[in-house]
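Residue numbers (our numbering), protein chains in the order written: chain A, 1 to 238; chain B, 1 to 238.
Here's the structure, in structure tokens; my notes come after.
Number of protein chains: 2
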Amino acid sequence: MPEPKALIFDVFGTVVDWRASVARESVPWLQKLGRSDLDPHAFADGWRSRYIKIMTDFHKTGREFVVLDVLHREMLDDWLGELNIDPSSIGEEGLNEWNMAWHRLDPWPDTVEGMHRLRKKFPLATCSNGNIRLMLDMARHGGLPWDAILGAEISKSYKPSPETYLGTVRALMLEPGEVCLVAAHHGDLAAARKCGLQTAYVYRAMEFGGAPSPDTTTPQDWEYRATSFTELADRMGC
Amino acid sequence: MPEPKALIFDVFGTVVDWRASVARESVPWLQKLGRSDLDPHAFADGWRSRYIKIMTDFHKTGREFVVLDVLHREMLDDWLGELNIDPSSIGEEGLNEWNMAWHRLDPWPDTVEGMHRLRKKFPLATCSNGNIRLMLDMARHGGLPWDAILGAEISKSYKPSPETYLGTVRALMLEPGEVCLVAAHHGDLAAARKCGLQTAYVYRAMEFGGAPSPDTTTPQDWEYRATSFTELADRMGC
Chain A
1 MPEPKALIFD
11 VFGTVVDWRA
21 SVARESVPWL
31 QKLGRSDLDP
41 HAFADGWRSR
51 YIKIMTDFHK
61 TGREFVVLDV
71 LHREMLDDWL
81 GELNIDPSSI
91 GEEGLNEWNM
101 AWHRLDPWPD
111 TVEGMHRLRK
121 KFPLATCSNG
131 NIRLMLDMAR
141 HGGLPWDAIL
151 GAEISKSYKP
161 SPETYLGTVR
171 ALMLEPGEVC
181 LVAAHHGDLA
191 AARKCGLQTA
201 YVYRAMEFGG
211 APSPDTTTPQ
221 DWEYRATSFT
231 ELADRMGC
Chain B
1 MPEPKALIFD
11 VFGTVVDWRA
21 SVARESVPWL
31 QKLGRSDLDP
41 HAFADGWRSR
51 YIKIMTDFHK
61 TGREFVVLDV
71 LHREMLDDWL
81 GELNIDPSSI
91 GEEGLNEWNM
101 AWHRLDPWPD
111 TVEGMHRLRK
121 KFPLATCSNG
131 NIRLMLDMAR
141 HGGLPWDAIL
151 GAEISKSYKP
161 SPETYLGTVR
171 ALMLEPGEVC
181 LVAAHHGDLA
191 AARKCGLQTA
201 YVYRAMEFGG
211 APSPDTTTPQ
221 DWEYRATSFT
231 ELADRMGC
């Protein structure tokens, strides 16, 4: 297997701990709404579970591409509705500010050191469903040294659709087999492999707070496997 | 005038010294072709002069968007033809390698320090006609700390077309008046101002080796004015 010429990354769950961060960001809003009885981690899980469903089915709906910020906001409204929470006391502005929680996700403890090591050898780009502004804000928040923000917004399509991977590969002016997707989710890696990409699985035990991942795609024999970005850097000779 | 919320940059001439870099990169190729009699700076000027003409008229031609690497290669072929140079001794591979000269342009001496200072306060993005891979390689070559690579390839249009500026502004999820274009060319700034952007002019005396810039658009009273990125950082309170 030839060494890849660039690494592209799933971000939510792989690079950053969305669950703990969205929980933290949601605490003051749940308080304002008089619902501090709710577990903020369970709240984050409910928000995220809508994401997984919407992404998998997005292209079947025939809906025109809209950025993830728009979809995250719709998921928030839907989740609040299911919880019978009336958000009128925080209003549109409050809901939009709450929605920005996704722009302020913290990296896993090994992320930044691992990225700096990997980046000495490989260009690093996002291949996330997150929009450009979301990725930009998150990178400035967490100190993530991306070489480029690619993925959904530049390809106008959502993973696991092939076009998200292939549009990202094209922007890098490489062949699919020259690019390796780094991800914590077997379904993401399986979709990338179908497009001809190399794959690196990073196990993130705490993505769901210790509970098993809802990503039930059968694990395969990925080209690389690690439990942290620093271990991945070791395995890739960085 | 409110302070901008993000800075976007013209790159060729403003951030990097294309002329000295393309001249340096062209020397070995001119030697291989037996034309070391040609002045490499004049060679660079001839290559670049085609760029200015093609960009201004690109959208009038009705041609579908292609990335700048493709256009740079066509300009090289055209320029070699005008010089009666037969490139067969270096072949397609050589011509494509020579064309990559534009991926290895050096920053001006004040660029990297100025960008690091400006970046503490503002997100920094490219608004160049250069494609993503070109900008990525150049950033890794010169150590340019971009937050995002935007501009032509993400908007599928070339400056001075309004869509290049407005597509870049949309990706940042800002209003045009919240974004400031930094450029060394009056025509670029004038086109951005027409779209509602703020403008910062950086005078690059040596872009054409000391000769006057062919950018003949009447200078206007730009919001900011400096002779280096470090001076611009001073003026912007960074």
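Glycine included, every Cβ here is placed at the ideal spot set by N, Cα and C.
What you are looking at is a predicted structure, and each value in this text was computed from that prediction instead of being measured.
Between A/Leu136 and B/Ala148, the C-beta gap is smaller than 8 angstroms, which places the two residues in contact. A direct Cα-Cα distance of roughly 10 angstroms separates A/Pro162 from A/Arg193. Within 10 angstroms of the beta-carbon of B/Asp221 lie fewer than 16 other beta-carbons, which makes it exposed.
For the options A/His185, A/Gly142, A/Glu153 and A/Lys120, the alpha carbon positioned closest to that of A/Arg225 is the one of A/His185. A/Tyr158 is positioned such that its CB atom lies no closer than 8 angstroms to that of A/His72. Nearest in C-alpha terms to A/Pro109, of all of A/Asp17, A/Phe208 and A/Pro214, is A/Asp17. Using a CB distance cut-off of 8 angstroms, A/Ile8 does not count as an interface residue toward chain B. At a beta-carbon threshold of 7 angstroms, the residues of chain B lying near A/Leu136 are Pro123, Asp147 and Ala148, ordered along the chain. Closer than 9 angstroms at the C-beta level to chain A, one finds these residues of the segment 67-92 of chain B: Val67 and Asp69. If the five residues before and after B/Thr164 are omitted, its C-beta is found closer than 8 angstroms to the C-beta atoms of Cys127, Asn129, Gly151, Ala152, Ser155, Ser157 and Tyr158, all from its own chain and listed in chain order. Taking 8 angstroms as the CB threshold, A/Ile154 lines the interface with chain B.
Only Ala171, Leu172 and Met173 from the segment 162-173 of chain A bring a Cβ to less than 8 angstroms from some Cβ of chain B.
Per DSSP, the unbroken beta strand (DSSP E) holding B/Thr199 starts and ends at Gln198 to Val202. In the structure shown, the three-state DSSP call for B/Tyr165 is helix. With respect to the 8 angstroms criterion, A/Gly13 and A/Arg204 are classified as neighbours on the basis of their beta carbons.
Think of a sphere of 8 angstroms around the beta carbon of B/Arg133: the chain A residues whose beta carbon falls inside it are Ala171, Leu172 and Met173, in chain order. Per DSSP, B/Phe9 lies in no alpha helix (DSSP H); the unbroken beta strand (DSSP E) holding it starts and ends at Ala6 to Phe9. The shortest C-alpha to C-alpha distance from B/Leu76 to any of B/Thr61, B/Leu134, B/Ser89 and B/Leu95 is the one to B/Leu95.
For B/Arg140, the closest Cβ of chain A is nearer than 8 angstroms. The residue from A/Gly114, A/Pro160, A/Thr168 and A/Ala171 with its alpha-carbon nearest to that of A/Gly143 is A/Gly114. With contact defined as three or more Cβ pairs closer than 8 angstroms, the segment 226-237 of chain A and the segment 55-70 of chain B are not in contact. Bounds of the alpha helix (DSSP H) holding A/Arg48 are Pro40 to Asp57.
If you draw a straight line from the Cα of A/Lys121 to the Cα of A/Met173, it comes to about 17 angstroms. The C-beta separation of B/Leu7 from B/Leu124 comes to about 5 angstroms, placing the pair in contact by the 8 angstroms criterion.
About 15 angstroms separates the beta carbon of A/Arg140 from that of A/Ser21, a gap too long to meet the 8 angstroms contact definition.
One thing to note: B/Val182 has its Cβ no nearer than 8 angstroms to the Cβ of B/Thr111. Scanning B/Ala191, B/Asp188 and B/Leu197 for the CA closest to the CA of B/Pro176 turns up B/Leu197. Per DSSP, the beta bridge partners of B/Arg225 are B/Tyr201. Rounded to whole angstroms, the separation of the alpha carbons of A/Glu178 and A/Arg170 is 11 angstroms.
DSSP places A/Thr111 in the uninterrupted alpha helix (DSSP H) bounded by Thr111 to Lys121. Within the segment 137-196 of chain A, complete alpha helix (DSSP H) segments of at least 4 residues are found at 152-155, 162-171 and 186-194, given in chain order.
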